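Respectively, the protein sequence lines represent chains A and B. With our numbering as the guide, the letters of the first sequence map in order to residues 21 to 362. With our numbering as the guide, the letters of the second sequence map in order to residues 21 to 362.
There are 2 protein chains.
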Amino acid sequence: MDSPTLDDIAKESGCSRTTVSRALNGYSDVSESTRRKVLAVAHRLNYRPNAHARGLASNRSHSIAAVMRQSAFAETPIFIEVLESVRHTLGGLGYHLLHAAPTPEFVGIEDALSMYQMHKIDGVILLEVEVNDSVLPRFLDLGIPVVLFGQAEGRRSVPSVDVNGAAAMARVTRYLLDLGHRRIGYLSGPLKYVYAQHRFSGFEQVMTEAVGGPIAEWVVEVEGSLQSGYDGAARVLSMHRRPTAVICNSDYVALGAMKAIRDWRLRVPEDISVVGFDDVPVARFLSPPLTTVRQPTGELGRLLAEQMISAIERSTSPAGNIVLECDLVLRDSCARIQHAEE
Amino acid sequence: MDSPTLDDIAKESGCSRTTVSRALNGYSDVSESTRRKVLAVAHRLNYRPNAHARGLASNRSHSIAAVMRQSAFAETPIFIEVLESVRHTLGGLGYHLLHAAPTPEFVGIEDALSMYQMHKIDGVILLEVEVNDSVLPRFLDLGIPVVLFGQAEGRRSVPSVDVNGAAAMARVTRYLLDLGHRRIGYLSGPLKYVYAQHRFSGFEQVMTEAVGGPIAEWVVEVEGSLQSGYDGAARVLSMHRRPTAVICNSDYVALGAMKAIRDWRLRVPEDISVVGFDDVPVARFLSPPLTTVRQPTGELGRLLAEQMISAIERSTSPAGNIVLECDLVLRDSCARIQHAEE
DNA sequence: CTTAGCAACCGAAGCGCTTCGGATGTGCAC
DNA sequence: GTGCACATCCGAAGCGCTTCGGTTGCTAAG
Numbered sequence: 021m022d023s024p025t026l027d028d029i030a031k032e033s034g035c036s037r038t039t040v041s042r043a044l045n046g047y048s049d050v051s052e053s054t055r056r057k058v059l060a061v062a063h064r065l066n067y068r069p070n071a072h073a074r075g076l077a078s079n080r081s082h083s084i085a086a087v088m089r090q091s092a093f094a095e096t097p098i099f100i101e102v103l104e105s106v107r108h109t110l111g112g113l114g115y116h117l118l119h120a121a122p123t124p125e126f127v128g129i130e131d132a133l134s135m136y137q138m139h140k141i142d143g144v145i146l147l148e149v150e151v152n153d154s155v156l157p158r159f160l161d162l163g164i165p166v167v168l169f170g171q172a173e174g175r176r177s178v179p180s181v182d183v184n185g186a187a188a189m190a191r192v193t194r195y196l197l198d199l200g201h202r203r204i205g206y207l208s209g210p211l212k213y214v215y216a217q218h219r220f221s222g223f224e225q226v227m228t229e230a231v232g233g234p235i236a237e238w239v240v241e242v243e244g245s246l247q248s249g250y251d252g253a254a255r256v257l258s259m260h261r262r263p264t265a266v267i268c269n270s271d272y273v274a275l276g277a278m279k280a281i282r283d284w285r286l287r288v289p290e291d292i293s294v295v296g297f298d299d300v301p302v303a304r305f306l307s308p309p310l311t312t313v314r315q316p317t318g319e320l321g322r323l324l325a326e327q328m329i330s331a332i333e334r335s336t337s338p339a340g341n342i343v344l345e346c347d348l349v350l351r352d353s354c355a356r357i358q359h360a361e362e
Numbered sequence: 021m022d023s024p025t026l027d028d029i030a031k032e033s034g035c036s037r038t039t040v041s042r043a044l045n046g047y048s049d050v051s052e053s054t055r056r057k058v059l060a061v062a063h064r065l066n067y068r069p070n071a072h073a074r075g076l077a078s079n080r081s082h083s084i085a086a087v088m089r090q091s092a093f094a095e096t097p098i099f100i101e102v103l104e105s106v107r108h109t110l111g112g113l114g115y116h117l118l119h120a121a122p123t124p125e126f127v128g129i130e131d132a133l134s135m136y137q138m139h140k141i142d143g144v145i146l147l148e149v150e151v152n153d154s155v156l157p158r159f160l161d162l163g164i165p166v167v168l169f170g171q172a173e174g175r176r177s178v179p180s181v182d183v184n185g186a187a188a189m190a191r192v193t194r195y196l197l198d199l200g201h202r203r204i205g206y207l208s209g210p211l212k213y214v215y216a217q218h219r220f221s222g223f224e225q226v227m228t229e230a231v232g233g234p235i236a237e238w239v240v241e242v243e244g245s246l247q248s249g250y251d252g253a254a255r256v257l258s259m260h261r262r263p264t265a266v267i268c269n270s271d272y273v274a275l276g277a278m279k280a281i282r283d284w285r286l287r288v289p290e291d292i293s294v295v296g297f298d299d300v301p302v303a304r305f306l307s308p309p310l311t312t313v314r315q316p317t318g319e320l321g322r323l324l325a326e327q328m329i330s331a332i333e334r335s336t337s338p339a340g341n342i343v344l345e346c347d348l349v350l351r352d353s354c355a356r357i358q359h360a361e362e
């Protein structure tokens, strides 16, 4: 059996194709009784609008793509949660979410670009933003509606949803200071990313107020991978003077760092305290359970979706730059400092 | 500037719209010289076919969806790798991959169904198969091309790609037997899934040959979550007689189990050996590094994609039921048994 | 009684592509 | 000269929808 079309509904319900279309799409110049009749028939026939026909006529696909960078998906489980929330919200608004995930050749972006040009998607949610991002302008130049998870420096006109990374890191730093730590290491995310800059600034500021600033040798830039966390920690651990605590850019980095610490025959948290970021499911099951920062993933996703739709439909609220706060999740990977030297 | 259409190319290259279309789509009744001319113009104008128009005319979307169950994505990182490979392969064939991931209300499937009815997708890759699967027939009844990652009992006509879970588990079991273990626990995946049945049968058979069969109390059915692994292990650990080794259905389950073992004041591997499944990135960084089973994700993804396309285009090879072997990755979570009691 | 204004509805064009069925031209055997 | 096979090309229809620009029939003001 072939799928029913608008014409089938028109025939069944005794009105024109135009009226059926307008009834189904919620236009106002359709009487309530007609609308009800049309909806009843549509439901009975299990009608589904043909996305191609609709797209061709309206130039809209009702699909939006989530674009991220190389390996971000595997290394940043938090994206999964955020995107689930995005999908859920979009679904309620009649949109589908597509993941344009990255391949080694960085095709995530190219894919999205070409999908837009083919009218397969109406807009893009970009999941990681670089300082002086080279990708963002490519979308913007083509007039592709973009919403950022993160923030683009000096581009407040691009709608965005972000977490207050600076405040979160400031809080983590203060927590460690309160435990008596003064020598704090910092495994930063790649500083080409805006979020990494923000987080570091939070750390830096509190450290400056408290102890005159971070020690440069203990600040290491790492990728998101476990191995990179291991290597970063190893570098700090093999120094002459070691920190008593290490703040990590993600839980996976923290996990790598913890392995390095064990390999150096040191204990967490007795010898070195460790803090992660993201609160991935694994964090609670580590030994010791990891103290970390939780992001409001559900809320982030919901807002991203809403911003996206209003960017596309240009009717609702104007571009917003939303920033949410994080929670500090205290577990057992940090300890009050044992023997204050200095 | 508006996107160029076939007509633009036709005008520029001096041939008809029909010829341009056929040239671009590789039909044979176009001379080489014409084809080259057309391709050149298309490239110069940066032509991208309008997916809607194409879909409307040809009734094909050149998109395929990956469908999975509740939370599978977060708990089964291996899917990410497989899907990356699927995406990569599909991309080379002119197709896009969409993830129709699940929401709590199990909408992954509904989504895919409705997307198919809207002609947004041409087929579905189904990522987990239940015994007597209730979802599969829903796709099949609608005539939706489906390829399984896994196998459906008694449905050899549905193309599938799977891993030889029975052989893998048999190998794991033999490995533990070789280390002197006789009392082996087994944290199984939900037995409603075909793959869990297969894996268990591999374990069971080897145990039967070696020691007359598994001990029923040490076989526990768990979900994929870390917590579930913890709970399952806790149940076994609180028994009067404990196993000396535990085989886990996934690395995350193993991670949960390891935490339980620590909480019981026992050591891995000295007191209890642990084996995982999947070789997630985290496995190598655990303490101790986890012995586990690696699946050939890249190959799996490639084959899934190829099967999908041939299912859609009905031209190439017939439905296949492919099964690949896994690798056992030896690390430090298993030890030769210390003191044989019995 | 006339007519402006409004609610409700509809006809037809057209979105950009594929594809069916033919048209054209060339070379070659008869 | 005629007919045929073949390679190459093209016109036009049509996919199912949205939307522009109406028309119709009613109410209520003038």
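Glycine included, every Cβ here is placed at the ideal spot set by N, Cα and C. Being a predicted model, the structure only gives us computed values, none of them experimental.
{"Asked": "Beta bridge counterpart(s) of residue 314 (chain A) as assigned by DSSP", "Found": "A:298, A:347"}
{"Asked": "Separation of residue 248 (chain B) from residue 74 (chain A), as counted between CA atoms", "Found": "45 Å"}
{"Asked": "Inter-residue spacing [alpha-carbon to alpha-carbon] between residue 175 (chain A) and residue 159 (chain A)", "Found": "13 Å"}
{"Asked": "Proximity test, Cβ basis, 8 Å: residue 157 (chain A) and chain B", "Found": "no"}
{"Asked": "Short CB-CB distance (under 8 Å) between residue 63 (chain B) and chain A", "Found": "no"}
{"Asked": "Cβ shell of residue 127 (chain B) (< 8 Å), same chain only, five flanking positions each side left out", "Found": "For residue 127 (chain B), the predicted structure reports a pLDDT of 46, less than 50, and the residue's modelled location is therefore unreliable. The matter cannot be settled from this model."}
{"Asked": "For residue 38 (chain A), three-class secondary structure by DSSP", "Found": "helix"}
{"Asked": "Assigned secondary structure, residue 125 (chain B) (DSSP; H/G/I helix, E/B strand, else coil)", "Found": "Because the pLDDT of residue 125 (chain B) is 38, which lies under 50, any placement of that residue in the model is unreliable, and the question is left without a value."}
{"Asked": "Bridge partners - residue 67 (chain A), DSSP secondary structure assignment", "Found": "None; residue 67 (chain A) has no bridge partner."}
{"Asked": "Cβ neighbours of residue 107 (chain B) in the same chain (closer than 6 Å, five flanking residues each side left out)", "Found": "117"}
{"Asked": "Proximal residues, the region 206–238 of chain A versus chain B, C-beta separation under 9 Å", "Found": "none"}
{"Asked": "Chain B residues whose Cβ lies nearer than 7 Å to that of residue 118 (chain A)", "Found": "118"}
{"Asked": "Interface flag, residue 171 (chain B) vs chain A, CB-CB below 8 Å", "Found": "no"}
{"Asked": "Alpha-carbon to alpha-carbon, residue 339 (chain A) and residue 398 (chain A)", "Found": "In the structure displayed, chain A extends from 21 to 362; residue 398 (chain A) sits before or after that span and is not available."}
{"Asked": "Residue span of the alpha helix (DSSP H) that contains residue 224 (chain B), given as start and end", "Found": "214–231"}
{"Asked": "Chain B within 8 Å of residue 165 (chain A), Cβ atoms only", "Found": "no"}
{"Asked": "Proximal residues to residue 119 (chain A) (C-beta, below 6 Å), its chain only, five neighbours per side dropped", "Found": "86"}
{"Asked": "Test item: CB-CB of residue 316 (chain B) and residue 348 (chain B) under 8 Å", "Found": "no"}
{"Asked": "Given residue 270 (chain A) as reference, the closest of A:199, A:237, A:241, A:329 once Cα atoms are compared", "Found": "A:241"}
{"Asked": "C-alpha gap between residue 366 (chain B) and residue 144 (chain B), whole angstroms", "Found": "This structure cannot settle anything about residue 366 (chain B), because the visible part of chain B is limited to 21 through 362."}
{"Asked": "Residue 282 (chain A) at chain B interface by Cβ criterion, 8 Å", "Found": "yes"}
{"Asked": "Reference residue 5 (chain A), options A:69, A:82, A:268, closest by Cα", "Found": "No answer is possible for residue 5 (chain A): the residues shown for chain A start at 21 and end at 362."}
{"Asked": "Integer Cβ distance of residue 201 (chain A) from residue 265 (chain A), believed to fall under 8 Å", "Found": "4 Å"}
{"Asked": "Close beta carbons around residue 154 (chain A), own chain, < 8 Å, minus the five adjacent residues each side", "Found": "none"}
{"Asked": "Those residues which DSSP pairs with residue 169 (chain A) across a bridge", "Found": "A:181"}
{"Asked": "Three-state secondary structure assigned by DSSP to residue 188 (chain B)", "Found": "helix"}
{"Asked": "Under the three-state DSSP convention, the category residue 87 (chain B) falls into", "Found": "strand"}
{"Asked": "Residues bridged to residue 141 (chain B) (per DSSP)", "Found": "Paired residues: none, contrary to the question."}
{"Asked": "Cβ pair count under 8 Å reaching 3, the region 309–328 of chain B against the region 282–300 of chain B", "Found": "yes"}
{"Asked": "Contact residues within the region 54–79 of chain B, judged by C-beta distance below 7 Å to chain A", "Found": "68, 69, 70, 71, 72, 73, 75, 76"}
{"Asked": "The region 275–305 of chain A: positions lying closer than 7 Å to chain B by Cβ", "Found": "275, 276, 279, 282, 301, 302, 305"}
{"Asked": "Spatially closest choice to residue 140 (chain A) from B:185, B:72, B:173, by CA coordinates", "Found": "B:72"}
{"Asked": "Within-8 Å CB hit, residue 350 (chain A) to chain B", "Found": "no"}
{"Asked": "Any chain B beta carbon closer than 8 Å to residue 26 (chain A)", "Found": "no"}
{"Asked": "Local Cβ density within 10 Å of residue 78 (chain B), reported as buried at 16 or more and exposed below that", "Found": "exposed"}
{"Asked": "One or two residues paired with residue 269 (chain A) in a DSSP bridge", "Found": "DSSP, once it has assigned bridges, lists no residue as partnering residue 269 (chain A)."}
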